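What follows is a set of notes on a single structure, which appears directly below.
Numbering (full-length UniProt numbering), first residue to last: 1 to 576.
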């Protein structure tokens with residue numbers, strides 16, 4: 001470009017994003033008369049701007065996206081230039097959107113006409129709604145786009161940002177101002193409300209879908225607990241135990257019968273006491289397994305039960321109830337805004353017919369009353385804990401499962417463990433006595449042969465050896481039995497620790513909650529922006545004379561009040 005093209009030209013404003021924003025702010029520091037707007041600006045080192053330092057750079061405004069992690073990471077390390085800094089609810093706090101959220105846009109170059117097309121930052125597949133594409137029924141896609149400029153609240157009367165112009169003062173309602181108001185209401189505001197309706201409808205769909213899946217989630221959590229305590233392996237070992245008990249009792253009975261004639265010469269093997277304790281072990285394991293099957297479903301129901309309300313599915317059901325209210329309120333505000341647009345059109349039509357000398361906003365223009373904005377939004381008594389409800393429910397669920405595990409350990413598992421320890425300690429002593437008896441039969445054979453035939457003596461030795469071998473197989477089995485379940489091995493903390501991720505997932509599926517969070521924050525950002533812009537509208541119309549203008553003011557005030565209330569309702573769901 002030729003330098004002559006810039007002759008007698010003066011730069012009055014500058015702007016940019018990221019490094020471009022830093023360059024614009026540097027120029028603003030050098031030239032105090034230039035207005036500078038920077039978005040997600042990189043910070044300029046203090047050494048670069050200290051020579052231009054002033055108490056405050058009032059000619060600059062920096063807009064920072066609340067979800068631009070790259071910009072926020074600068075703050076602890078670099079001193080920013082003193083000036084106005086405004087946070088804008090824009091972007092998505094995810095690593096895969098890091099760069100785009102910093103830039104503030106996601107666009108694709110259209111090389112045919114050298115223009116840019118907006119590209120969705122994230123595509124969320126609806127869990128319920130469908131649409132027809134290429135003749136096929138597919139899940140509806142909700143596109144989340146980036147438009148940082150579009151998220152900056154604008155003063156309808158000046159066209160400048162509210163951050164620069166302030167929140168507005170009383171204006172004279174001429175045709176020019178009325179056209180600007182009509183454009184805001186029927187264009188930008190109507191579009192943002194339509195987006196909010198889409199976002200909140202899908203957010204409600206997600207919570208409704210989670211609530212419908214309650215039975216499956218309850219079953220998964222119940223089965224998950226059984227898996228964490230290895231209940232199915234314990235059942236398998238119970239069946240093995242039955243077989244081993246039958247085998248042991250048969251060998252023990254045959255051994256006792258074989259030594260009856262020489263019993264007084266042999267050590268006491270205490271086999272009756274052994275059989276009694278082994279049967280006690282079987283009964284204990286059987287009772288433990290039955291207790292878990294009989295009680296775990298009710299315990300899981302208690303974990304899901306809502307802390308504050310009479311809901312069986314604590315988190316998702318309360319979210320669903322709250323979102324149903326918010327969804328109805330957004331639909332109501334959208335309808336009120338449409339009515340307000342028609343109301344403005346009516347008044348504009350009347351004003352156009354008046355003499356130009358009275359278009360100063362003071363003329364007593366009467367409103368027909370046909371398009372009137374009415375009705376407050378519905379309050380919600382749900383989510384008093386906001387999204388802390390998730391942590392509270394998870395903590396409460398973990399405590400309940402911990403208490404349950406401790407309870408069944410104290411009542412059943414600890415007694416099983418005591419019997420196992422007794423058997424592990426006793427069986428080696430019995431085996432020692434059996435081997436001692438076999439040795440006695442060899443050493444004092446003549447003494448035994450005086451009482452029993454040689455063949456009987458050999459039979460006794462065989463039975464004693466068989467019993468010794470049978471008991472020898474019990475020792476590793478008992479150690480395996482003690483270790484098969486963490487609840488028998490007294491690793492109760494491990495059970496609770498391993499259950500926590502499952503409780504989190506079953507109380508509310510994380511990937512769906514991520515989608516809800518994105519949808520809710522996008523709607524919340526638009527509600528916050530609209531509430532600020534309606535405040536400027538109200539400040540401009542407030543105390544103007546004339547019934548029609550006062551009607552417009554009252555309509556704007558009601559819509560603003562409703563926007564603020566719904567924004568606060570949505571805020572409960574828009575914060576992790």
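Where a beta carbon is used, it is the ideal one built from N, C-alpha and C, also for glycine.
Keep in mind that this is a model prediction, so the values were computed, not measured.
Please report the Cβ distance between residue 500 and residue 398, rounded to the nearest whole angstrom; I am assuming they are in contact, meaning their Cβ atoms lie under 8 Å. For residue 500 against residue 398, the beta-carbon gap comes to about 6 Å, under 8 Å, which counts as contact.
Closest by C-alpha distance to residue 101, when choosing among 394, 53 and 17: Ranking 394, 53 and 17 by Cα distance to residue 101 puts 17 first.
Hey, would you say residue 570 sits closer than 9 Å to residue 326, going by beta carbons? Against a cut-off of 9 Å, the Cβ pair of residue 326 and residue 570 comes out as a contact.
Work out the CA separation of residue 480 and residue 247 for me, nearest whole Å. Roughly 19 Å between the two C-alpha positions.
Cut-off 6 Å between Cβ atoms - residues of its own chain near residue 407, not counting five sequence neighbours on either side: Its chain contains no residue whose beta carbon lies nearer than 6 Å to that of residue 407 once the 5 sequence neighbours on both sides are disregarded.
If we ignore side chains and look at the alpha-carbon of each, how far apart do residue 409 and residue 284 end up? Spanning the alpha carbons of residue 409 and residue 284 requires a straight line of approximately 12 Å.
Which residues share a DSSP beta bridge with residue 62? The beta-bridge partner set that DSSP reports for residue 62 consists of 38 and 85.
For the candidate residues 435, 176, 299 and 343, whose alpha-carbon lies nearest to that of residue 403? Of the candidates 435, 176, 299 and 343, the one whose C-alpha sits nearest the C-alpha of residue 403 is 299.
Status (buried if at least 16 other CB within 10 Å, exposed otherwise) for residue 261: A residue is called buried once 16 or more other Cβ atoms fall within 10 Å of its Cβ, and residue 261, having fewer, is exposed.
Tell me whether residue 522 is buried or exposed, calling it buried when 16 or more other Cβ atoms sit within 10 Å of its Cβ. Residue 522 comes out buried.
Do you know offhand how far residue 391's Cα is from residue 562's? The C-alpha of residue 562 is placed about 30 Å away from the C-alpha of residue 391.
What is the DSSP secondary structure of residue 435, counted as helix, strand or coil? It is helical.
Would you give the residue range spanned by the beta strand (DSSP E) that residue 144 belongs to? Run containing residue 144: 136 to 144, per the beta strand (DSSP E) assignment.
Examine the Cβ distances between the region 133 to 144 and the region 204 to 222 and report whether three or more of them are shorter than 8 Å. No, the region 133 to 144 is not in contact with the region 204 to 222.
If you drop the 5 nearest sequence neighbours on each side, which residues of the same chain put their C-beta closer than 7 Å to that of residue 426? Correct list, in chain order: 274.
If you reduce the DSSP assignment to three classes, tell me which class residue 194 lands in. Taken through DSSP and simplified to helix, strand or coil, residue 194 comes out as helix.
Evaluate the contact criterion for the region 550 to 564 versus the region 373 to 382: three or more CB pairs, one atom per stretch, below 8 Å. As far as the Cβ criterion goes, the region 550 to 564 touches the region 373 to 382, which means the pair count is three or higher.
Put residue 417 into one of helix, strand or coil per three-state DSSP. Three-state result, residue 417: helix.
Taking Cβ to Cβ, would you say residue 434 is nearer than 9 Å to residue 468? Using a Cβ distance threshold of 9 Å, residue 434 and residue 468 count as a contacting pair.
Tell me whether the region 151 to 168 and the region 116 to 125 touch, counting them as touching only if at least three CB pairs, one residue from each stretch, are closer than 8 Å. In short, these stretches do not touch, since the Cβ pair count stays below three.
So is residue 96 buried or exposed if we call it buried at 16+ other beta carbons inside 10 Å? Label assigned to residue 96: exposed.
Nonlocal neighbours in the same chain, by C-beta distance under 6 Å from residue 357, ignoring five residues either side: Low confidence applies here, because residue 357 scores a pLDDT of 41, under 50, leaving its location unreliable and the question unanswered by this model.
Let me know if residue 343 comes out buried or exposed under the rule of 16 or more other beta-carbons within 10 Å of its beta-carbon. It is buried - the Cβ of residue 343 has at least 16 other Cβ atoms within 10 Å.
What separation, rounded to the nearest whole angstrom, lies between the Cα atoms of residue 582 and residue 205? The shown model of the chain, from 1 to 576, leaves out residue 582, and the question about it has no answer.
Would you call the CB atoms of residue 29 and residue 43 closer than 9 Å? Contact flag unset, no.
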